[in-house]
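Colleague:
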Amino acid sequence: MGIDTKSRATRPASFALADFAAPTGREEEWRFTPVADLADIFAGDLAADVVVEAPAPPTPGVAIETVGRDHPAVGSAPAPPDRAAAAAWAATRTATLVTIDATAADAVTAVRVIGGDGSWEPRASAVHLTILAKAGARGTVLLEHAGLARLAEGVEIVLEEGADITVIAVHDWADGSVQAASHRVRLARDAHLKHVTAALGGALVRVTPHIELAGEGASVEAIGINVTDSGQHHEAQLFVDHAAPGCRSRVTYKGALIGPLARSVWIGDVLIRARAEGTDSYELNRNLVLTKGARADSVPNLEIETGRILGAGHASATGRFDEEQLFYLQSRGIPEDLARSLVVHAFFAELIDQIGAGEIEAALKTAVDAKLDQRRNNYL
Amino acid sequence: MTTLEIRDLHVSVDTPEGDKPILKGVDLTVSSGQTHAIMGPNGSGKSTLAYSLAGHPKYRVTRGTVRLDGDDVLAMSVDERARAGLFLAMQYPVEVPGVTVANFLRTAKTAVSGAAPPLRAWVKDVAAAMDALRFDREFQERSVNEGFSGGEKKRHEILQLELLKPKIAILDETDSGLDVDALRVVSEGVNRAKANTAVGIMLITHYTRILEYIRPDFVHVFVAGRVAEEGGPDLAARLEAEGYDRFLSAV
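Chains as they are written, first to last, in the working numbering: chain V, 170 to 549; chain L, 11 to 261.
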């Protein structure tokens, strides 16, 4: 384990906390993360200060239950990929299980993961959610994170054959919050997942979606957004595992750094295994660095074990404003500050429009716009 | 009555090899209601003239003046030039993903006229202009220039010309890449703008084909960064017959 582990195929994953040493920051998967800020989470022995609130009654065709860790659906996704995820699992006694069956209307189920109100010091805590989409199920699950927390979160997303769901995780924590979220996803044959994460709040938000395309013809569309201010560290480490033939993945992550000490990290690992013939894969990361001193790391990584694929590509671009876009808008009389504002808002609007869930899209746009506007003096 | 007066304009562009002079003393006057065709071979500086007048940061004016009704255009920012009444229909319009055509047009109109247009009249004006340029209404919900075909990009430039109603418009190779039908639609739009607002036009083109649809009052032949010859519409006919060779061999 550690920096000598080059291939994602050989990187360890385990449900046992003891299988992961406490990270030092030198490991490949931790080298961009301020690991000292996660020491209490790595230590294990996590509390349950963070609560999961589900709507009652849930939408027809959707069941939301609190179940023991021994429930067959819980722990059925890939194993935890790092110490924080294993610590969350070790602390899990009960899980929130969201089951969507084929009779479900294509509706939104909103689940809230809530920290403290700031009146007490949050302890390192764990929650575990399992989202199970039964064969042929349709629907959307919105995971909203708010309040003050220090959280190790496990989110399992399991799609049975032909299921087609959207999962949207919005991380809008209060200032000072710390979160390590492990999304572990398995898709069966012909299943389709739209997976969205948005990091807006908190001091440290690290999300590690591990998406296993396990059944032939499965597809995933992964969308990520971060709007990162001074004093915030927003990190996404994706692993898309093409383990079956004829699968498709599209990864699009966009971030804006709006304060001088803002920090973002995007790592996109795509593994196309030998048996995954006919794979079609593309990943894109774009970062707008809007102030001096901010830093965005962007590391796409593609491993291909078969030549018989349709396509595999990646693109990464980090920069300031597109001067040609500003010129075009200004040449129509639009003042420079308004042109900049248009371009920044449009940078995200274009991606949010792809989520395709009306009210959630609108709410997310509002939240993103509000955060961008808070720091408009930094970039206009 | 508006007049754009270009005098002894010298413009350089930054290249990796250093400063490269492109325009070497351009003199040109365009007034309301007039159409000037600027013709010339590739690389003669036609597009540099267009982008310099619009204020593109890549080009640096090293000598000369540009005045719009006496006001110093070169002292204005890009957006100030547009608000003063200049318009550039670009050869390669820029994609702005996430900004819808509707939002873009309304924002630009508000900027150039100094106040938001009355909603009902604006909706009607946009619809009429879009119909005339053969756009579907759904086009308004698309992102500016993103995924547009070559013809759509050019028609979208002319849509802006008709709606923003500038005093002087520079059309930079608006005809390039258009088939005959698209060329006719675009030309009709330009002629409507001329008829409705008496906009003065600088029509930059490599070919004489568009001049069959948009009749110039004056023709200027651009060679090696300056005007080499000027005349009436008959000069375009001569260029059609003779090509640019005789100018190039004289350089």
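Glycine included, each C-beta is placed from N, C-alpha and C at the ideal position.
Note that this is a predicted model, so its numbers are computed, not measured.
Under 8 angstroms between C-beta atoms, does V/PRO504 make it to chain L?
Modeller: It does: the Cβ of V/PRO504 has a partner Cβ on chain L nearer than 8 angstroms.
Colleague: Taking only beta-carbon atoms, is L/SER41 less than 8 angstroms away from chain V?
Modeller: No, because no Cβ of chain V sits closer than 8 angstroms to the Cβ of L/SER41.
Colleague: Roughly how many whole angstroms lie between the Cα atoms of V/GLY230 and V/ILE529?
Modeller: Taking the straight line from one Cα to the other gives about 20 angstroms.
Colleague: Is the beta carbon of L/LYS204 within less than 7 angstroms of some heavy atom of the ligand SAM?
Modeller: Looking for the ligand SAM in the displayed structure turns up nothing, as the structure carries no ligands at all.
Colleague: Taking only beta-carbon positions, decide if V/ARG501 is within less than 8 angstroms of chain L.
Modeller: Judged by the 8 angstroms Cβ criterion, V/ARG501 is in contact with chain L.
Colleague: From the DSSP output, in three-state form, read off V/SER245 for me.
Modeller: In the structure shown, V/SER245 sits in coil (DSSP, three-state: anything other than H, G, I, E or B).
Colleague: Quick test of your reading: V/ARG252 and V/PHE189, contact by CB under 8 angstroms. State the CB separation rounded to the nearest angstrom.
Modeller: 4 angstroms between Cβ atoms; contact.
Colleague: For L/LEU165, which option in L/PHE228, L/VAL109 and L/GLN101 has the closest C-alpha, if you only look at C-alpha atoms?
Modeller: Just to set this straight, residue 165 of chain L is Arg in the shown sequence, not Leu. Of the listed residues, the one whose Cα sits closest to L/ARG165 is L/GLN101.
Colleague: For L/THR120, which option in L/THR184, L/SER54 and L/LYS175 has the closest C-alpha, if you only look at C-alpha atoms?
Modeller: Checked all of L/THR184, L/SER54 and L/LYS175; the closest Cα to L/THR120 is L/LYS175.
Colleague: Out of curiosity, what's the CA-to-CA distance linking V/ARG195 and V/LEU207?
Modeller: Each residue's alpha carbon lies about 14 angstroms from the other.
Colleague: Mind checking the stretch 201 to 216 of chain V against chain L and listing, in chain order, the residues whose C-beta falls within less than 9 angstroms of any C-beta there?
Modeller: Answer set for the stretch 201 to 216 of chain V: empty.
Colleague: Along the chain, where does the beta strand (DSSP E) containing V/ASP449 start, and where does it finish?
Modeller: Residues 449 to 458.
Colleague: Out of V/ILE210, V/VAL389 and V/LEU311, which has the shortest C-alpha to C-alpha gap to V/ALA255?
Modeller: Measuring from the Cα of V/ALA255, the nearest candidate turns out to be V/ILE210.
Colleague: Quick check: L/SER153 and L/VAL106, are their CB atoms within less than 8 angstroms of each other?
Modeller: Contact flag set, yes.
Colleague: From the DSSP output, which residues share a beta bridge with V/TYR422?
Modeller: Per DSSP, V/GLY393 and V/ASN454.
Colleague: Taking the straight line between their C-alpha atoms, what separation do you get for L/ILE16 and L/LEU38?
Modeller: Going from the Cα of L/ILE16 to the Cα of L/LEU38 covers about 5 angstroms.
Colleague: Evaluate V/TRP289 with the Cβ neighbour count: other Cβ atoms within 10 Å of its Cβ, from every protein chain shown; 16 or more gives buried, anything less gives exposed.
Modeller: V/TRP289 is exposed by the Cβ-count criterion.
Colleague: DSSP state of V/ARG464, grouped into three classes?
Modeller: Correct three-state label for V/ARG464: strand.
Colleague: Hey, would you say V/ALA246 sits closer than 8 angstroms to V/VAL354, going by beta carbons?
Modeller: Yes, the pair counts as a contact, with Cβ atoms nearer than the cut-off.
Colleague: Just checking my contact of V/THR421 with V/ILE380 at CB under 8 angstroms: how many whole Å lie between their CB atoms?
Modeller: That pair is no contact at about 14 angstroms.
Colleague: If you drop the 5 nearest sequence neighbours on each side, which residues of the same chain put their C-beta closer than 6 angstroms to that of V/ARG464?
Modeller: Excluding positions up to five away in sequence, the list reads ARG432.
Colleague: I'd like to check one pair, V/VAL365 with V/ILE337: are the Cβ atoms closer than 8 angstroms?
Modeller: Result yes, Cβ atoms of V/ILE337 and V/VAL365 sit closer than 8 angstroms.
Colleague: Report yes or no: do three or more beta-carbon pairs, one from the stretch 211 to 230 of chain V and one from the stretch 266 to 284 of chain V, lie closer than 8 angstroms?
Modeller: A contact exists between the stretch 211 to 230 of chain V and the stretch 266 to 284 of chain V.
Colleague: Going by Cα to Cα distance, which pick from L/GLU183, L/ILE48 and L/HIS20 is closest to L/HIS230?
Modeller: Nearest option by C-alpha distance: L/ILE48.
Colleague: Going by beta carbon distance, what residues of the same chain come within less than 6 angstroms of V/ALA304, once the five residues before and after it are set aside?
Modeller: Here the set comprises GLU329, GLU330 and GLY331.
Colleague: Could you spell out where the alpha helix (DSSP H) holding L/MET49 opens and where it closes?
Modeller: No alpha helix (DSSP H) holds L/MET49; the beta strand (DSSP E) holding it covers 45 to 49.
Colleague: With DSSP as the reference, identify every bridge partner of L/ASN52, one or two as the case may be.
Modeller: None; L/ASN52 has no bridge partner.
Colleague: Rounding to the nearest angstrom, what Cα-Cα distance links L/LEU96 and V/HIS314 in this structure?
Modeller: If I take the Cα positions, the gap works out to 50 angstroms.
Colleague: Nearest to L/GLU183 by alpha carbon, out of L/ALA246, L/ILE220, L/PRO127 and L/ALA139?
Modeller: Residue L/ILE220 is the option with its Cα nearest to L/GLU183.
Colleague: According to DSSP, is L/LEU78 helix, strand or coil?
Modeller: Residue state, collapsed to three classes: strand.
Colleague: With contact counted as at least three CB pairs below 8 angstroms, one residue from each stretch, are the stretch 46 to 65 of chain L and the stretch 234 to 254 of chain L in contact?
Modeller: They touch, by the three-pair rule.
Colleague: When DSSP labels each residue in this structure, what does V/PRO378 get in the three-state scheme?
Modeller: Reduced to three states, the DSSP call for V/PRO378 is strand.
Colleague: Using a threshold of 8 angstroms, state whether the C-beta atoms of L/VAL23 and L/LYS30 are closer than that.
Modeller: Yes, the Cβ-Cβ distance between L/VAL23 and L/LYS30 is below 8 angstroms.
Colleague: If I'm right that L/ALA92 touches V/SER346 with Cβ under 8 angstroms, what's the distance once you round it to whole angstroms?
Modeller: Not confirmed; about 45 angstroms, so no contact.
Colleague: Out of V/GLU452, V/PRO429, V/HIS402 and V/GLN348, which one is the CA nearest neighbour of V/LEU440?
Modeller: Comparing Cα-Cα distances from V/LEU440 to each of V/GLU452, V/PRO429, V/HIS402 and V/GLN348, the minimum goes to V/GLU452.
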